[in-house]
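Residue numbers (this note's numbering): 687 to 1354.
Each residue gets a CB set at the ideal place from its N, CA and C atoms; glycine is no exception.
The structure appears right after this line, and notes come after that.
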Ligand code: IVH
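Shown next, in the form of structure tokens:
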């Protein structure tokens, strides 16, 4: 590229980036994916590095964050709030690592943390009392959002411990857990408001509400990750100790961090979390690698934009724009007809995506999706990809509206959508598509985990008439297995073993595998823990079912209905005869002494953290709730209890001090 071309391209990139910056930060409504934005930014940075005189003062590469809005009072941060530089692969990580170790003149130890996808905030405490909270703003001056931050439940309004520092500033991330995000968007759609594109925009938008009551209704969460400023006591020498100290003060601090002293260890941490990111209740978009030695951090210093002692290792993008080629109809195991998007294949969230669920007819209408649209696709790790929205700006008149068919595309039976329900279903109970999906679900990893029983084999087993219902799996003969395509001795013996092992799965797995409506993996575990055997569960009345914590009337009715259907009872009887286990057994080492009891924790305990207390209760079958109600069985009262104690006294709920609580746990 010659200089003239470079100048032109740089100008174009700056214009685009500024536009997208505005859409993203000001409107909370991006029209391109983060990955596309990052890509443009990298290109611009590369040009400015090759031709430094082309850098302009208003270049987006020189901006740390968005300017504070007029609506909130500006506040100065005690410690500058920098951004982070990014690396996108192992090679770039190694280059960075070599550079810091060279600058440091020694090998270093690092703390690896998750990069939470929310809004960065600074929290200030005077003599242990929360006095101010601010957005990042431009890194020096942020917006005062104290009133809104106060509504975030995990934010400590007063530090725990007897000896709080005179002045403290911590940095952290306010974010919206996926569950709150989904619930919020559902509500917004009901109220006819546009949904938020992702949890980060929702979090940022929620923090900048003029009415704190609105923020409070948004169910934000918080994790704190930097001790940025400290006066009136000595700072610990290392970052991981600072994390521990902040936790002792009562801040929510993630426990998902690890020490590392080589590129291999850092990569292992990142790879593990790329794999497991969907297990987290919130979105992460990378890992942050930080020098552990705080004195060394001071020596390394910062550029105007980012510290030299930390780097963000970005995980593969989860959002991309691509073309929606067609909408096909899938028939699920409940007969539900699900529209599925056929996409121009696109690499997103670590894999190539060519299909995405569209849920149902109403959803397509609500999102305003048309066949032929450019759409924003989201994929988190190995969950089913989803279409967030059409990019209506890119329509060219060739787009077509979608019409839901009124017949099952597999068996041709009439499809029926009951009044008030979102989903149309095939009316044929023997529709082959339903059996096929039921078996795949039954055999899936989280259900009965029958390794090797995938779509191709299930299809063949059904085609040949060897499997007409789930229980037929346990009656397959050697002859039938040898008859399958490519099945020789090894494959036959592996399949027999896999099927045989599934007989030993606990009740919770079987319940989930049966595909009872509204009984997901978690609910199956709750039911299994409470009722312990299929026999007891099948005998439970609706009242007994809904008296179980977390089981509401809808689940209770659905479970009851399942056990009332003669075909299901027949299936269970056949499975029992085939030697399936059908009970749960005890969790190892602990007994279920707190089964069915609901606890609320308030104040700090001396002998354990709140997380440990929660874990101890849950291990014993109990449940921890966030607020006191007449359904609370016990309130555990620690030091400096909050208003929950008063509430307990008002409602006459029993309270336990730490000693009584430990006794109940059998921990004396
Ligand atoms: S440290 C000077 N640690 O990512 C170092 N940041 O893209 C400041 N973030 O502005 C940040 N998780 O809002 C750090 N564990 C973590 C983080 C984290 C998320 C955010 C933070 C920062 C942004 C940079």
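Rounded to the nearest angstrom, how far is the Cβ of residue i from that of residue j, given a contact under 8 Å?
i	j	result
residue 1013	residue 1022	Between residue 1022 and residue 1013 the Cβ distance is about 15 Å, and since that is not below 8 Å, they are no contact.
residue 1092	residue 1099	Between residue 1099 and residue 1092 the Cβ distance is about 10 Å, and since that is not below 8 Å, they are no contact.
residue 1245	residue 1285	Actually they do not touch by this definition, with Cβ atoms about 26 Å apart.
residue 1190	residue 1131	With 8 Å as the limit, residue 1190 and residue 1131 do not qualify as a contact, their Cβ atoms being about 15 Å apart.
residue 1030	residue 968	Residue 1030 to residue 968, Cβ: 30 Å. No contact.
residue 1214	residue 1197	6 Å
residue 1125	residue 1096	Not quite, the Cβ-Cβ distance comes to about 15 Å (not below 8 Å), so this is no contact.
residue 1016	residue 1024	5 Å
residue 770	residue 974	7 Å
residue 918	residue 851	5 Å
How would you write the range of the alpha helix (DSSP H) that residue i sits in, first residue to last?
i	result
residue 1370	What the structure shows of the chain is the stretch from 687 to 1354, and residue 1370 is not part of that stretch, so it cannot be assessed.
residue 1252	1252 to 1263
residue 1131	First-last for residue 1131: undefined, no H or E at that position.
residue 1137	Per DSSP, residue 1137 belongs to no alpha helix (DSSP H) and is neither H nor E.
residue 931	925 to 934
residue 1296	1296 to 1305
residue 1175	1175 to 1188
residue 975	Note, residue 975: premise wrong, no alpha helix (DSSP H); beta strand (DSSP E) at 970 to 977.
residue 1081	Where residue 1081 is concerned, there is no enclosing alpha helix (DSSP H), given that its DSSP letter is neither H nor E.
residue 900	898 to 902
residue 832	832 to 835
What three-state label does DSSP hand residue i in the structure shown?
i	result
residue 806	strand
residue 891	helix
residue 1320	strand
residue 1329	helix
residue 1126	helix
residue 739	helix
residue 1093	strand
residue 937	coil
residue 796	strand
residue 1020	coil
residue 1152	coil
residue 988	strand
residue 884	coil
residue 1038	strand
residue 1226	coil
Give me the Cα-Cα distance between residue i and residue j, rounded to the nearest whole angstrom.
i	j	result
residue 750	residue 1288	In this predicted model, residue 750 has a pLDDT of only 42, less than 50, meaning its place in the structure is not dependable; the value taken from the coordinates is given anyway. C-alpha separation (whole angstroms): 39 Å.
residue 1275	residue 1261	Note that residue 1275 scores a pLDDT of 47, beneath 50, so its modelled location is shaky; the value from the coordinates is reported in the next line. Cα to Cα, the separation comes out at about 30 Å.
residue 780	residue 837	41 Å
residue 774	residue 1150	49 Å
residue 1324	residue 1234	27 Å
residue 721	residue 728	10 Å
residue 1334	residue 1283	15 Å
residue 1112	residue 1122	14 Å
residue 1043	residue 1070	7 Å
residue 689	residue 698	14 Å
residue 1242	residue 1225	12 Å
residue 1207	residue 902	30 Å
residue 1148	residue 1187	22 Å
residue 1355	residue 1104	Nothing about residue 1355 can be reported from this structure: the residues present for the chain run from 687 to 1354 only.
residue 755	residue 794	The predicted position of residue 755 is uncertain, since its pLDDT is 46 and thus under 50; a value taken from the coordinates is nonetheless stated next. Distance between the alpha carbons of residue 755 and residue 794 is about 40 Å.
residue 1332	residue 1340	12 Å
residue 1177	residue 943	41 Å
residue 1264	residue 1228	29 Å
Check the DSSP bridge columns for residue i and list the partner residues they point to.
i	result
residue 1057	1086
residue 1076	1061
residue 801	972
residue 1114	According to DSSP, which records beta bridges pairwise, residue 1114 is partnered with nothing at all.
residue 1047	In DSSP, residue 1047 forms no bridge with anything.
residue 997	975
residue 1342	1322
residue 945	797
residue 1269	1219
residue 1027	1013, 1042
residue 773	999
residue 812	815, 853
For the beta strand (DSSP E) holding residue i, just list the boundary residues, first then last.
i	result
residue 760	760 to 762
residue 1005	1005 to 1017
residue 857	853 to 861
residue 1311	1309 to 1311
residue 914	907 to 917
residue 829	827 to 829
residue 1195	No beta strand (DSSP E) contains residue 1195, which is instead part of the alpha helix (DSSP H) from 1193 to 1199.
residue 1284	1284 to 1288
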